[in-house]
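Residue numbers (the numbering used here): 219 to 494.
Beta carbons are placed, not taken as given, at the ideal position from N, Cα and C, and that holds for glycine.
Every value quoted in this text rests on a predicted model; they were computed, and no experiment measured them.
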């Protein structure tokens, strides 16, 4: 049994980063992603559920929605699985804190900076040669120069982070290492023996939860496991369909049953059934 919560769960993520008593953890994490001129001294949490203007039924529910005392606004999302139109969804979410800044009467349209930060528990970039662990996106012109500096997207593909404890170079590395491996730790690793991480470990300790919190966590963990299993099944079915097409092509090319089995990994029974 794990000693610490799984931060990929809704409950776990919000327990670490979404509580008033722990907002110093969120501030420390966000400051690793922000430029020097947008470093956060303090922040306040905002309502995580926003009803869209176009439909009463269209709601955007954020994992974390917060605003710094300097005015910067942040949406921080933990995405468990790939969804359709992920980029469109991210852009839509970013427009909500933009529209919130509209003022009645005279308004000069000046906007405070918006950051949409998505921590992805999957590989979004499917082409291996184009995969990036951290993708930072701004509006740029045809020469690659930043056209608008107040809207930034940060996409973190957690599966692409493969550093072990001896390879951690930055404070940001340590945060990602903490998040990726938290539920596997039995104790605090030496490399993470810093005040901020020791507090994070204390917050994430299962033994310190109330019975109600533990029950909520278990429900959240079950949902996380179910989502991952659905995704895994869909991926396996997709790969099998690809193998079937390959097997049919090989049959047309005159390859033997044994050769087709070796190449596709399908059994003789499966191939005979497919081929009629």
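Inter-residue distance for residue 422 and residue 295 is about 18 Å (C-alpha atoms, whole angstroms). Around the CB of residue 408, fewer than 16 other CB atoms lie within 10 Å, so the residue is classed as exposed. Per DSSP, the beta bridge partners of residue 285 are 262, 291.
Partner residues in a beta bridge of residue 384, as assigned by DSSP, do not exist. Here the alpha carbon of residue 451 sits roughly 33 Å from the alpha carbon of residue 425. Secondary structure of residue 234 (DSSP, three-state): helix. Per DSSP, the unbroken alpha helix (DSSP H) holding residue 308 starts and ends at 304-317. Between the alpha carbons of residue 222 and residue 482 lies a gap of roughly 41 Å. Fewer than three Cβ pairs drawn from the segment 239-256 and the segment 454-461 lie within less than 8 Å of each other, which leaves the two stretches out of contact. When rounded, the separation of the alpha-carbon atoms in residue 435 and residue 487 is 44 Å. The alpha-carbon of residue 283 is positioned some 11 Å away from that of residue 232.
Distance from the CA atom of residue 334 to the CA atom of residue 427, rounded to whole angstroms, is 30 Å. As computed with DSSP, residue 370 is found in a beta bridge with 333. Bounds of the alpha helix (DSSP H) holding residue 421 are 413-421.
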